[in-house]
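The sequence shown begins at 67 in my numbering and counts up by one. Structure record follows, encoded as structure tokens.
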Amino acid sequence: MLSRQPGTPRSTILANELPVLKRLLERASTPEEKRNALGIFLRTRLPDEPIPHDLDAVRRSLSHSPTGVGSLNSVFTHPEYFKLFELHGVGNDYISATLQKGLGTGLEKVPCAALDHGSGTRNCTRQGTQACANCRLVLYCSKECQRKHWRIHKEDCKDPIRDAGWKPSWLHDRRPPSFDSETGFDLNVQMPRLRVDPPSLPHGTGLWGNLPAYDILKLSTHELPPNSKSCSVLSAASSDLRNLIVTVNALPPDFPQTLSFILNDSNDLRIIRTIIIMLILTSVPDRITAADIALHVWYSAFLSKNYEQQTELAAVQMIYSIAENLKSGLGVFQKQVTMTVRLGGHLDHHLLEDVLPSHMGSTYGADVVHADIERVRVSPFNADPLHRRYCQLEPAHRQAAHHFRKTGVLLPFGAATAHFDRPNRFMLSPTGKWIEDDLADPLLGWPIEDVMEAGKAHGVQRADVYGALYFYLMDQLRTFIDRLHTLKIQFFIFKSTPSEFVERRRSGALSVPWSINPGTCFNRIDVGKLGDVIPGGWARVASEWGTMLLPVSDALVGMAVSWADGQGEAGKEARPSGEVVRMLTAKLMQEGKIPKPSRERSIEDILSVISAYKSSFTAMYDTSPAFIKYLDANYMELALRQNGLRINPARTIIPLRIGARADAPPDALPDFPDAESWYLNVNLVGRTWTERSLEIRRLPMVASMQAPEPKAVEKSQAAIAGPSTEARID
Numbered sequence: 067m068l069s070r071q072p073g074t075p076r077s078t079i080l081a082n083e084l085p086v087l088k089r090l091l092e093r094a095s096t097p098e099e100k101r102n103a104l105g106i107f108l109r110t111r112l113p114d115e116p117i118p119h120d121l122d123a124v125r126r127s128l129s130h131s132p133t134g135v136g137s138l139n140s141v142f143t144h145p146e147y148f149k150l151f152e153l154h155g156v157g158n159d160y161i162s163a164t165l166q167k168g169l170g171t172g173l174e175k176v177p178c179a180a181l182d183h184g185s186g187t188r189n190c191t192r193q194g195t196q197a198c199a200n201c202r203l204v205l206y207c208s209k210e211c212q213r214k215h216w217r218i219h220k221e222d223c224k225d226p227i228r229d230a231g232w233k234p235s236w237l238h239d240r241r242p243p244s245f246d247s248e249t250g251f252d253l254n255v256q257m258p259r260l261r262v263d264p265p266s267l268p269h270g271t272g273l274w275g276n277l278p279a280y281d282i283l284k285l286s287t288h289e290l291p292p293n294s295k296s297c298s299v300l301s302a303a304s305s306d307l308r309n310l311i312v313t314v315n316a317l318p319p320d321f322p323q324t325l326s327f328i329l330n331d332s333n334d335l336r337i338i339r340t341i342i343i344m345l346i347l348t349s350v351p352d353r354i355t356a357a358d359i360a361l362h363v364w365y366s367a368f369l370s371k372n373y374e375q376q377t378e379l380a381a382v383q384m385i386y387s388i389a390e391n392l393k394s395g396l397g398v399f400q401k402q403v404t405m406t407v408r409l410g411g412h413l414d415h416h417l418l419e420d421v422l423p424s425h426m427g428s429t430y431g432a433d434v435v436h437a438d439i440e441r442v443r444v445s446p447f448n449a450d451p452l453h454r455r456y457c458q459l460e461p462a463h464r465q466a467a468h469h470f471r472k473t474g475v476l477l478p479f480g481a482a483t484a485h486f487d488r489p490n491r492f493m494l495s496p497t498g499k500w501i502e503d504d505l506a507d508p509l510l511g512w513p514i515e516d517v518m519e520a521g522k523a524h525g526v527q528r529a530d531v532y533g534a535l536y537f538y539l540m541d542q543l544r545t546f547i548d549r550l551h552t553l554k555i556q557f558f559i560f561k562s563t564p565s566e567f568v569e570r571r572r573s574g575a576l577s578v579p580w581s582i583n584p585g586t587c588f589n590r591i592d593v594g595k596l597g598d599v600i601p602g603g604w605a606r607v608a609s610e611w612g613t614m615l616l617p618v619s620d621a622l623v624g625m626a627v628s629w630a631d632g633q634g635e636a637g638k639e640a641r642p643s644g645e646v647v648r649m650l651t652a653k654l655m656q657e658g659k660i661p662k663p664s665r666e667r668s669i670e671d672i673l674s675v676i677s678a679y680k681s682s683f684t685a686m687y688d689t690s691p692a693f694i695k696y697l698d699a700n701y702m703e704l705a706l707r708q709n710g711l712r713i714n715p716a717r718t719i720i721p722l723r724i725g726a727r728a729d730a731p732p733d734a735l736p737d738f739p740d741a742e743s744w745y746l747n748v749n750l751v752g753r754t755w756t757e758r759s760l761e762i763r764r765l766p767m768v769a770s771m772q773a774p775e776p777k778a779v780e781k782s783q784a785a786i787a788g789p790s791t792e793a794r795i796d
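Put into structure tokens, the structure is as follows:
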């Protein structure tokens, strides 16, 4: 009988029940018996207890407890329970395993789209093998299941968004598109005079990323120095896991060196999500379930109840680690997450006291999120920018994209989503608002042709592109989990702006306990789009970060994205205009890559939609002369010379342009071997195609170097330094 009466304070119940748990654990002789005893105790002796949301209460209690854990109202933070867990070796890992009952698993094949008759909200338990002949978006295990599901499926199957005669909103209303003034397309001029001007495509907040992930080590072409025992990679301005996962997965399972990944970021929510995803991947015993939870925390606006609980548990594990490391400094966390992997870092006061509690303690419901997604992602009032993307897509892909935007859940088209009824609080604002860009699309962050191949291998129809992405990510995450149990890796995550990190390294503030000393250098430095957003641009990136490279087997890699949006000479020449547009128009129409006038489509209709295809023009245009002018105008050559650096002319880690061959010359265009490759990359994903990579290396040490003139140095340093304030990297 429980030692409590109705209304008994939780702290009293915990105090009264403590001797019971002591006896249970003392009687158990093996770790498995102790784990089972703890599970029985939590389920039968204590009232239901949510994982704590009030981080402030936890932190206030820390100063009063010598153990660093203090709240007396929770079994998860009570100091006496904490001591007992430590004494018997049933700490966080055992608590985590105990609470993982009934989590469910992810998908390995496309499920039958019919709903299970028992639950009414879950899919039929059999695999889908027969596609709907009309939409090709869902699969069934039998004709019987298809017949029973038709009452539900017919709404999707007959959705007008998939009609062959579908028209974008502005063409349907017979008006110019709302973005027409941005594009420079004039409906009153003849097609040969069209000019392709900068698009207003989103750059996003960085939670999903909008550049394809890449392997930054590329050891197939960049061997490490002989006899090296370790390898270090620094991410200067992002804790996003995409490049890290692709890099680790590309390594052989028996890679002998110790890897160190240092992730610096000023985006609070991205840091929190990264830590939570890492803890989920390393704490949930079943790798399929672990990958599925991590995938939805990353890309879905809603979670199931069990997945929400597991996400909260990971957040509490992070709090535990911070509490256990108070002697190393406030905000320091270190945790051995597998036998071979250690996760650590340093988080600031704002993240711990403001951002994390505001997300963990939020109380909004799924209805709030659904309403905001409807307003932002699929509202007819925001139709023009969205339809600019849709009019480039095949009908089935248009519907697949719209379905993902409406549901907010990344799953195959026919997978049930009714049980995803809890907001993903780490992908939304503290009030339940959508905070990623309106047009954000996870397809932008991964190599689309690899995505489609993964989908095909798992039985996904070509029409279900987000189903293909689901299985691609599941494959990547499961491989990553395997590597986390075999490779020796350290992950260090720091909350600071890029300039703050540079200064902390220079001052020695990162020496203890991270061993990042003023002279510490790295094998690879990934700066992402940093040069686009900081004062001083890419020249400043070279000066501040290029000097941190090791002199052998080194590379700093970045991607210039917004350089072509400028108003200077380089910006004007970054996209085709005049006679070049005329020639490209004829070529693109002849090859069927953009629409052309026909009996069904008038010249006016074509002119009205062709502005949506402007990235097609840029994909066939050499941007290298304009990019060289851009770098020259921003003192890049001088910055390189001053710091003993060089730009590697043949990009060997990532191509000069997205889609180009790795060994292609500077003037090479993206390489699309067939019509399918063109469609997937240019139409389906929809990039600007002005992106250009930078690969910077250290020059070999020489006895003497010609010193630049003092006036030139002074002018360059002033330009590189820029204003004293620094933009945050989001």
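Don't be surprised by glycine CBs; every beta carbon is placed ideally from N, CA and C.
Express the C-alpha separation of residue j and residue i in angstroms, rounding to a whole number.
i           : j           : result
residue 748 : residue 600 : 29 Å
residue 86  : residue 79  : 11 Å
residue 355 : residue 636 : 49 Å
residue 591 : residue 484 : 43 Å
residue 414 : residue 561 : 6 Å
residue 353 : residue 300 : 27 Å
residue 628 : residue 526 : 35 Å
residue 76  : residue 579 : 38 Å
residue 81  : residue 188 : 42 Å
residue 758 : residue 218 : 46 Å
residue 472 : residue 750 : 18 Å
residue 197 : residue 538 : 20 Å
residue 181 : residue 679 : 39 Å
Let's see if you can read the secondary structure: which residues bound the beta strand (DSSP E) around residue i?
i           : result
residue 315 : Careful: residue 315 lies outside any beta strand (DSSP E), inside the alpha helix (DSSP H) at 308-315.
residue 869 : Look at the range of the chain in this structure, 67 to 796, and you will see that residue 869 is not part of it.
residue 759 : 758-764
residue 400 : 398-402
residue 712 : 711-713
Do residue i and residue j have their C-beta atoms within less than 7 Å of each other?
i           : j           : result
residue 701 : residue 626 : no
residue 387 : residue 399 : yes
residue 532 : residue 486 : no
residue 587 : residue 234 : no
residue 357 : residue 616 : no
residue 652 : residue 640 : no
residue 608 : residue 763 : no
residue 512 : residue 279 : yes
residue 707 : residue 765 : no
residue 360 : residue 337 : no
residue 347 : residue 502 : no
residue 284 : residue 660 : no
With distances taken from CA atoms, which of the options is nearest residue i?
i           : options            : result
residue 140 : 84, 95, 106        : 84
residue 530 : 550, 489, 476, 546 : 476
residue 423 : 558, 622, 335      : 335
residue 595 : 514, 331, 101      : 331
residue 375 : 435, 148, 492      : 492
residue 242 : 573, 225, 501, 675 : 675
residue 245 : 761, 720, 677      : 677
residue 589 : 325, 697, 144, 371 : 325
residue 216 : 178, 661, 191      : 178
residue 540 : 362, 593, 554      : 362
residue 172 : 555, 373, 556, 573 : 373
residue 305 : 623, 222, 442, 328 : 328
residue 307 : 201, 316, 613, 339 : 339
residue 294 : 619, 410, 752      : 619
Apart from the five residues just before and just after residue i, which ones in its own chain have a Cβ nearer than 7 Å to its Cβ?
i           : result
residue 430 : 489, 497, 498
residue 74  : none
Near residue i, what residues of its chain come up, given a Cβ to Cβ distance below 6 Å and the 5 sequence neighbours on each side ignored?
i           : result
residue 247 : Note that residue 247 has pLDDT 48, beneath the 50 cutoff, so the model's placement of it is unreliable and no number is given.
residue 549 : 314
May I ask which residues mark the beginning and end of the alpha helix (DSSP H) holding residue i?
i           : result
residue 625 : Here residue 625 belongs to no alpha helix (DSSP H); instead the beta strand (DSSP E) covers 621-626.
residue 797 : Since the first and last residues shown for the chain are 67 and 796, residue 797 lies out of range.
residue 603 : 603-611
residue 592 : That residue, residue 592, is in no alpha helix (DSSP H); its beta strand (DSSP E) goes 590-594.
Can you name, in chain order, every residue of its own chain whose Cβ lies under 8 Å from the Cβ of residue i, other than the five neighbours on each side?
i           : result
residue 437 : none
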